[in-house]
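Let me begin by presenting the structure, written as structure tokens, before commenting on it.
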Amino acid sequence: MSEEREKTEGVAKEDFKHIVRILDTDLNGNRRVIYSLCGITGIGRRVARNVVLSSGVDPNAKMGNLTNEDIGKLKVSVEGVEKRLPWWMLNRRKDLITGDDLHIMGTDMELKFREDINLLRKIRSYRGIRHERGLRVRGQRTKSTGRRGMVVGVVRKKILAKTGGKRDGPS
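Under my numbering, residues 66 to 236 are what the sequence shown spells out, in order.
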């Protein structure tokens, strides 16, 4: 009995799906369902656990071994996650435009994030200006850290030395 199980444990089934597509995201079929769902932007382990338990799918099964029916249940459960989760588990509470509590996932999350930063830039808030300039936004110190990618002042001195100390433009 144990020899048969050892033989079949390492071998994938014939209908094994290496890539499962949910919410326009390719998920790894070799991982367990909960951890595979974490590949969708906006779904962490806690939300994934909620999705799996509400859909009735085995949380310890491999994603690639699920039937098309189970994958359909997961898709329906993922799309309706906003209605089931309590307000404190949602990732976009009190939306700036609508004022609703939302849970956004996938490419919608990236678009909303970019829109929020552009709104901050447009209204010229402190955070928006910091984003524009490529500086730290959350109050971190910048005197001695975060210097990579900035303009180096020594190069300018070398250019001035080559031109004989004359500067371009009005002085």
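For glycine and all other residues, C-beta sits at the position ideal for the given N, C-alpha and C.
Is the region 131–143 close to the region 112–123, with three or more CB pairs under 8 Å?
Judged by Cβ distances under 8 Å, the region 131–143 makes contact with the region 112–123, as three or more pairs qualify.
Starting from the Cα of L150, find the closest Cα among L92, D181 and R111 and give me that residue.
In the sequence shown, residue 150 corresponds to position 85, counting from 1. Across the set L92, D181 and R111, the C-alpha of R111 shows the shortest separation from the C-alpha of L150.
CB G145 to CB F81, shorter than 8 Å?
Counting from 1 along the sequence shown, the entry for residue 145 is found at position 80. Counting from 1 along the sequence shown, the entry for residue 81 is found at position 16. For the pair G145 and F81, the CB atoms are not nearer than the 8 Å cut-off.
Report yes if the CB atom of G104 is closer than 8 Å to the CB atom of I169, and no otherwise.
Mapped onto the sequence shown, residue 104 falls at position 39. Mapped onto the sequence shown, residue 169 falls at position 104. Cβ atoms of G104 and I169: not closer than 8 Å.
Best match in K127, K148 and R86 for proximity to N115 [C-alpha to C-alpha]
Residue numbering aside, residue 115 sits at position 50 when the sequence shown is read from its first letter. Ranking the options by Cα distance to N115, first place goes to K148.
Is K222 buried or exposed, if buried means 16 or more other CB atoms sit within 10 Å of its CB?
Locating residue 222 in the sequence shown gives position 157, counting from the first residue. It is exposed - the Cβ of K222 has fewer than 16 other Cβ atoms within 10 Å.
Pick helix, strand or coil for I84, following the three-state DSSP scheme.
Here residue 84 refers to the residue found at position 19 when the sequence shown is read from its first residue. Annotated three-state conformation of I84 is strand, per DSSP.
G171 versus K208: straight-line alpha-carbon distance, rounded
On the sequence shown, position 106 is the one that residue 171 refers to. On the sequence shown, position 143 is the one that residue 208 refers to. G171 and K208 have their C-alpha atoms spaced approximately 36 Å apart.
Pop quiz: V143 and L88 are said to be a contact at Cβ under 8 Å. What is the actual Cβ separation, rounded to whole angstroms?
Residue mapping note: residue 143 aligns to position 78 of the sequence shown, counting from 1. Residue mapping note: residue 88 aligns to position 23 of the sequence shown, counting from 1. V143 to L88, Cβ: 6 Å. Contact.
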